[in-house]
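In this note's numbering, the protein residues as written are 15 to 499. Backbone N, C-alpha and C fix where the C-beta goes; we use that ideal spot for every residue, glycine too.
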Amino acid sequence: MSVKDTLSPEPRRWAMFLILLVGAFLPPLDFFIVNVALPSIRQDLSAGPSAEQLVISAYAGLYAVTLITGGRLGDIYGRGRVFFIGLTGFAGASLLCGLAWSPWSLIAGRVLQGITAAVMAPQALASVQAIFPDSEKPLALSLYGAVFGLASVIGQALGGILISLNLFGLGWRVIFLVNLPVAALVVLFGIPVLKEIRARNPIKLDLGGVTLSILTLAALIVPLIKGREAGWPLWAWVSLMAVPLLAWMFWRYEARLSDAGGSPLLDPHALNVPGLGRALVIALLFYTIAPFFLLFSIYLQGALGTSALSAGLVFLPFGAGFLLGPLLAPACKRALGVYVNATGMGLESAGFIGMMWLLSATPAGVYPAPALLAALLFMIGFGQGLGLPTLMQMVTGRVAPVHSGMIAGVASSTLQISTALSVAVIGGVFYAILDGRTDPAAITHAFTIALSCIALCLGAGVLLSITLVREPALPDGKNAARSTG
Numbered sequence: 015m016s017v018k019d020t021l022s023p024e025p026r027r028w029a030m031f032l033i034l035l036v037g038a039f040l041p042p043l044d045f046f047i048v049n050v051a052l053p054s055i056r057q058d059l060s061a062g063p064s065a066e067q068l069v070i071s072a073y074a075g076l077y078a079v080t081l082i083t084g085g086r087l088g089d090i091y092g093r094g095r096v097f098f099i100g101l102t103g104f105a106g107a108s109l110l111c112g113l114a115w116s117p118w119s120l121i122a123g124r125v126l127q128g129i130t131a132a133v134m135a136p137q138a139l140a141s142v143q144a145i146f147p148d149s150e151k152p153l154a155l156s157l158y159g160a161v162f163g164l165a166s167v168i169g170q171a172l173g174g175i176l177i178s179l180n181l182f183g184l185g186w187r188v189i190f191l192v193n194l195p196v197a198a199l200v201v202l203f204g205i206p207v208l209k210e211i212r213a214r215n216p217i218k219l220d221l222g223g224v225t226l227s228i229l230t231l232a233a234l235i236v237p238l239i240k241g242r243e244a245g246w247p248l249w250a251w252v253s254l255m256a257v258p259l260l261a262w263m264f265w266r267y268e269a270r271l272s273d274a275g276g277s278p279l280l281d282p283h284a285l286n287v288p289g290l291g292r293a294l295v296i297a298l299l300f301y302t303i304a305p306f307f308l309l310f311s312i313y314l315q316g317a318l319g320t321s322a323l324s325a326g327l328v329f330l331p332f333g334a335g336f337l338l339g340p341l342l343a344p345a346c347k348r349a350l351g352v353y354v355n356a357t358g359m360g361l362e363s364a365g366f367i368g369m370m371w372l373l374s375a376t377p378a379g380v381y382p383a384p385a386l387l388a389a390l391l392f393m394i395g396f397g398q399g400l401g402l403p404t405l406m407q408m409v410t411g412r413v414a415p416v417h418s419g420m421i422a423g424v425a426s427s428t429l430q431i432s433t434a435l436s437v438a439v440i441g442g443v444f445y446a447i448l449d450g451r452t453d454p455a456a457i458t459h460a461f462t463i464a465l466s467c468i469a470l471c472l473g474a475g476v477l478l479s480i481t482l483v484r485e486p487a488l489p490d491g492k493n494a495a496r497s498t499g
């Protein structure tokens, strides 16, 4: 038993943690719930393909680049206070989405949702170290991880249910407006319970790093999404060519800030450890599954003519697999050793290859064999649920403990950047192959090609994961003395 375990723990720690978990639950929920609603949004707001992609990628992209900032705001100003500010802002952004009158007003709401989600989401994970004794931390972290699987299950199904019910004639808008009563209840019951949690030695916010990181990501994602539809104008190429320069400026700024004794958003010296570069590339490849949820919904409703409710329920086997994967991870680790992450990503890749075969063997416009489709979806979900916890350990375990918090934020941001980029790139491949056609054969063909892209990316992640685990990290950050892997 550690010294900390002998001290009197916070008596309301579990109630406090459950309140903060709402902030970790709502962001992935609002990512998954929108996928089923996109066909309805496109019809109601006359949204084009690029606007559809921006509804997803604008949210994911802004969420990605502000996650580390959100965590540091909690360190500086108190995690309880920042959580409630983020939650209130998220509710306001959800109201804007629910009242959207055009595609761009909806995208503006999604941008604000992404920023405010990143403010509230990190506070739950950051609170674990502060309020729980060592003996209770594993359970708290398991609950934190299970939240994402639960959000994937509820998000897809709830989106379909709410749209089919058409509450108060609101149609798709209710998927955003439902956040308002949830936020109100959390504020009402949470303020009396949640004690302020603040870091002992809070660091200053790196506004320059935040600005440069946002500019770099925007210069990359916006032309990838808008360039194809606009015929690749000059501004798109200029923006893409500016990405290396902006990335270099960001890196140099952070290095100088670190050398001067400041608190950079991303410390280059902390990243200079063997294998960490490959681990982050694996994280980037891991979430290339993100466009699948959007494109599968389009396939189900556009090529097969299923309702929004039926399309949402189809995702349940994936969610069940995602929930079961982390629970069986300890047993799988005993059997597979260091290859758990590679196995998980391999199962995902095999599941997508199996789905490609199933769609190719099924006539266009005909629903694939339900039992086989459900089994493939379960395999994909189980693989992702199995691979995610070990992926985070692969990243954070390669640096000294003093940098683990920052690297955890970097890993989370990398996953979200992967979401935005893969929706932009693989979604762009889908729409380019579709080329404006709406017949079932065209949608099925474009979807199959997109599945092959996802399977290839995950396969590359499997190979990198195998090479990485053969070079175990040294304890106590001693690997930082080596050159980058």
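> Roughly how far, in whole angstroms, is the beta-carbon of G365 from the beta-carbon of G397, given that I think they are within contact range, below 8 Å?
Replying inline: 7 Å
> Would you say the stretch 299-306 touches the stretch 433-440, given that touching needs at least three Cβ pairs under 8 Å?
Replying inline: yes
>> Considering Cα atoms alone, identify which of A293, G62, L68, L219 is closest to A425.
In response: A293
>> Short of 8 Å in beta carbon distance, which residues of its chain neighbour P489, apart from the five on each side in sequence? Order them along the chain.
In response: Because P489 sits at a pLDDT of 45, beneath the cut-off of 50, its placement in the model cannot be relied upon, and the point is left open.
> Tell me which same chain residues have a C-beta within less than 7 Å of the C-beta of Y267, skipping the five on either side of it?
Replying inline: G222, G223, L226
> Can you tell me the Cα-Cα spacing of Q407 and F336, whole angstroms?
Replying inline: 18 Å
> What separation, rounded to the nearest whole angstrom, lies between the Cα atoms of I235 and R27?
Replying inline: Separation of I235 and R27 (C-alpha to C-alpha, rounded to the nearest whole angstrom) is 40 Å.
>> If you measure between the beta carbons of L279 and T83, is that distance less than 9 Å?
In response: yes
> Which value, in whole angstroms, describes the spacing of the CA atoms of L477 and T428?
Replying inline: 19 Å
> Any chance the stretch 37-54 sits against the stretch 70-83, with 3 or more Cβ pairs inside 8 Å?
Replying inline: yes
> What are the boundary residues of the alpha helix (DSSP H) that includes N12?
Replying inline: Outside the displayed span of the chain (15 to 499) sits residue 12, for which this structure offers no information.
> Which of helix, strand or coil does DSSP assign to R484?
Replying inline: coil
> With burial defined as no fewer than 16 other Cβ atoms inside 10 Å of the residue's Cβ, what is the status of S253: buried or exposed?
Replying inline: buried
>> Going by DSSP, what residue range makes up the alpha helix (DSSP H) through K347?
In response: First-last of the alpha helix (DSSP H) with K347: 330-350.
>> For I296, count the other beta carbons within 10 Å of its own beta carbon; 16 or more makes it buried, fewer makes it exposed. Which is it?
In response: buried
> What is the C-beta distance between G358 and L298, in whole angstroms, given that I count them as a contact (C-beta under 8 Å)?
Replying inline: With 8 Å as the limit, G358 and L298 do not qualify as a contact, their Cβ atoms being about 16 Å apart.
>> Looking only at its chain, what residues have a beta carbon closer than 7 Å to the beta carbon of Y381, apart from the 5 residues adjacent to it on each side?
In response: The residues are L318.
>> Measuring straight from C-alpha to C-alpha, what distance separates L172 and G326?
In response: 7 Å
>> Please return the same chain residues whose Cβ sits closer than 6 Å to the Cβ of P331, not counting the five positions on each side in sequence.
In response: A388, L391, F392
> From what residue to what residue does the alpha helix (DSSP H) around E268 run?
Replying inline: 248-273
>> Quick check on DSSP: helix, strand or coil for E362?
In response: helix
> Nearest to G194 by alpha carbon, out of A105, Y353, A131?
Replying inline: One point to set straight first is that residue 194 is Leu, not Gly, in the sequence displayed. For L194, the nearest C-alpha among the options comes from A105.
>> Here's the rule I'm using: 16 or more other beta-carbon atoms within 10 Å means buried, otherwise exposed. How should L181 be labelled?
In response: exposed
> Do you know how far the Cα of V36 is from the Cα of V200?
Replying inline: Looking at the two C-alpha atoms, the distance is approximately 8 Å.
>> What does the Cβ neighbour count give for W246, buried or exposed, with the cut at 16 atoms within 10 Å?
In response: So W246 counts as exposed.
> Between A138 and F31, is the Cβ-Cβ spacing less than 9 Å?
Replying inline: yes
> Taking the Cβ atom as the reference point for each residue, do Y445 and P63 lie within a distance shorter than 9 Å?
Replying inline: yes
>> On the DSSP letters alone, give me the boundaries of the alpha helix (DSSP H) that L194 sits inside.
In response: Membership of L194 in the alpha helix (DSSP H) is indicated by the continuous run 193-204.
> Hey, would you say F300 sits closer than 9 Å to F329, going by beta carbons?
Replying inline: no
> Using the C-alpha atoms, what's the distance from Q57 back to C467?
Replying inline: 28 Å
> Which residue comes first and which comes last in the alpha helix (DSSP H) that contains R187?
Replying inline: Per DSSP, R187 lies in no alpha helix (DSSP H) segment and is marked neither H nor E.
> CA-CA distance, P41 and L184?
Replying inline: In a straight line, the C-alpha of P41 is about 22 Å away from that of L184.
>> To test your reading of the DSSP string, which unbroken beta strand (DSSP E) runs of 3 or more residues are found completely within the stretch 77-123?
In response: List check, beta strand (DSSP E) in window: nothing returned.
> Is there contact between the stretch 93-109 and the stretch 123-135, where contact requires at least three CB pairs shorter than 8 Å?
Replying inline: yes
> Contact check, G112 vs L191 under 8 Å by CB: the rounded distance?
Replying inline: 4 Å
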